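Taking it in order: structure first as structure tokens, then the write-up.
In the working numbering, the protein residues as written are 784 to 1472.
Shown next as structure tokens:
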């Protein structure tokens, strides 16, 4: 039993996918080895990944897997023996398939009757005979969208493969993967190492690469080292803003990292810092620095190089020169864009197709303006500001800066609107209407921004649902799930008192009939409720609580969270299980009622238990209604909890389905009123165990 090492040496792997590929490769190979009993329960899996290699090191790997008992069920005795007790063709075939005589098969009793069984001891496999196949299978399972071919080979992988190590202890496991023969040699750093490097044993891999190849093989180890170097190099007066995605990408680009500090002219700070930061991060993979006090962007940056040197002056100067060209472009776009007012760009949106079935961006802006005004009036805010914000919301798509950096749409619109002298609320709405862009993103702060953001998302949802372009499976090319979740977050987290059905109806009505957008309110609202379930469960509520509230299809999303809190409180009351069960029982009774629900008449109450329930319900309903009107949902449910005793007594003493139809209908009517009041904010019956 020895440590196993497998390394695939390649050309530079896609940096954004490296960590994911490393995890998938190690997990797949380890799982395959474990299935065939090559691993011990405490075998440890260590992953390695650099720009030019994927590797996995697994401890306590057997050279030969232990023998395993094999048991296979065959035909039943009834089917395996004829009337004379002779083997049937079915039994003979089962025995022949397993290479034994019929007499060697066992008979066992099972829940389905007596059955023939084949029992044997299967010889364990040899690692040398199977490892190459397992490695190839693991590589084929990797999440690679596009593969490459190289040379005259038919082998396919994400990048050309130039080396393979399969080492068990100190022994090379023979085999070929992707047309490359296994050996115990690898390559070190492309510039800091010369020639092949021998790996004596699987346990020596990480040390040998570091000492002889100038390669830090562990992805996490490299990432941690870079993170510490960045913090150290930032100095006492500057700070970094955490960016895990950039740190992961940079880690995937270097094998022997070194962090150096560079600078750029303070004149570039006149350009909005979002432009400078994006240029540094996206184009150059630099880490911008911010003042520790105040948080403003400093004219300095940190770069992670794949070369360590005592005199990095040429590396720093080269990177500064490249960044200066990038920032000069950004400053040029910014200066040129401000020469034309945003409102003068709107007309050009007529030349930009939004969707071939939904018209141009200008037509879309007209719809957004209509919707934003309507939504803002419903919020009792200044509709004129919302309409102005919607009118200018897409104008920055025509600018040079957004053409160069599409990620800045909305952000640049805000800067240009302020430069043009637009009201601050309009400028804020231009940027905020894209929010939330992703999970955890900020939401519009003002009613104006919220109205424009809702208009943008609901118009897109209505348009694409109206032309039959709903998301299917994992395909969502127009990000409609994100739009729906954005609407839910804005309405819920900003507590906006708007009705979902009215928002959706208005969104469909905004489309010109000539576009052929068919109203699909029912489908779209159902889509919202599917998203809501996941959203509120992720917020910490149980599936039962969420299902109970959403079962009533609430129209005010802003009230769902307090309703969920009330249901959670109700569930803690000792009366809750009994009332939930009674509610479920009442629901089953009411399902049997055909036609119009009968009216309740107090004069038809005859049993003491039903009179007591009616009296208690009358008192509780008055109090509950008062709580409901004040949106004190917890107080409402707490009041109704007092009905537990009279409800239990009613079902113990009263025959609801009386032969006297008048008494039966009156009792059904009483129960219907009770259930309606109990279920004003949630279907309580769904809380029943």
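Where is the CB? At the ideal position from N, CA and C, for every residue including glycine. This one's a predicted model, so the numbers in the text were calculated from it and none came from an experiment.
Per DSSP, the continuous alpha helix (DSSP H) segment holding residue 1266 begins and ends at 1263 to 1276.
When beta bridges are read from the DSSP output, residue 1242 appears opposite no residue. Shown here for residue 1194: same chain residues with a beta carbon closer than 7 Å to its own, the five before and five after excluded, namely 1057 and 1214 in chain order. By the neighbour-count criterion, in which 16 or more other beta carbons inside 10 Å mark a residue as buried, residue 1139 falls on the exposed side.
Secondary structure at residue 1315: helix, using DSSP grouped into helix, strand and coil.
Looking from the CA of residue 1175, the closest CA among 1166, 1164 and 1197 belongs to 1197. Distance from the CA atom of residue 1446 to the CA atom of residue 1390, rounded to whole angstroms, is 10 Å. Taking a C-beta distance under 7 Å as the contact criterion, residue 915 and residue 958 qualify as a contact pair. With contacts defined by Cβ atoms closer than 7 Å, residue 898 and residue 856 form a contacting pair. The region 1163 to 1182 and the region 1121 to 1130 touch, with no fewer than 3 CB-CB distances between them shorter than 8 Å. For residue 1250, there is no enclosing beta strand (DSSP E), as DSSP gives it neither H nor E.
Between residue 1369 and residue 1410, the alpha-carbon positions lie close to 24 Å from each other. By the CB criterion at 7 Å, residue 983 and residue 968 fall outside the cutoff. Sixteen is the threshold: when 16 or more other Cβ atoms of the shown chains lie within 10 Å of the Cβ of residue 1461, as they do, the residue is buried. 7 Å or more divides the Cβ of residue 787 from the Cβ of residue 909.
In the assembly as shown, residue 1241 is a buried residue. Its beta-carbon has 16 or more other beta-carbons within 10 Å. Taking residue 945 as the centre and dropping the five residues before and after it, the same chain places the C-beta of 792 closer than 6 Å to its C-beta, in chain order. Around the beta carbon of residue 974, a 10 Å sphere encloses fewer than 16 other beta carbons of the protein chains shown; the residue is thus reported as exposed.
The Cβ-Cβ distance between residue 1235 and residue 1172 falls below 7 Å.
Contact between residue 790 and residue 835 is absent: CB atoms are separated by about 10 Å, not below the 8 Å threshold. Judged by their CB atoms, residue 1184 and residue 1118 are not nearer to each other than the 7 Å cut-off.
DSSP lists 1339 as the beta-bridge partner residues of residue 1282. DSSP lists no bridge partner for residue 1389. Between residue 1002 and residue 1034 the beta-carbon gap is near 6 Å, inside 8 Å, which marks them as a contact.
Relative to residue 1392, the option among 1040, 1245 and 1427 whose CA is nearest is 1427. Bounds of the alpha helix (DSSP H) holding residue 1199 are 1194 to 1202. If you draw a straight line from the Cα of residue 1360 to the Cα of residue 1290, it is about 42 Å long.
DSSP places residue 872 in no beta strand (DSSP E) but in the uninterrupted alpha helix (DSSP H) bounded by 872 to 880. With contacts defined by Cβ atoms closer than 7 Å, residue 808 and residue 938 do not form a contacting pair. With 16 or more other CB atoms across the displayed protein chains lying within 10 angstroms of its CB, residue 972 is buried. Within the same chain, 1343 come within 6 Å of residue 1337 by CB-CB distance, once the 5 residues on both sides are set aside.
Secondary structure at residue 1158: helix, using DSSP grouped into helix, strand and coil. With respect to the 7 Å criterion, residue 802 and residue 1031 are classified as neighbours on the basis of their beta carbons. Here residue 1292 is not near residue 1248, since their CB atoms are 7 Å or more apart. Ranked by Cα distance from residue 1356, the first of 1407, 1311 and 1423 is 1423.
A distance below 6 Å between beta-carbons, with the five flanking residues on each side excluded, links residue 1347 to the following residues of its chain, in chain order: 1324, 1328 and 1332.
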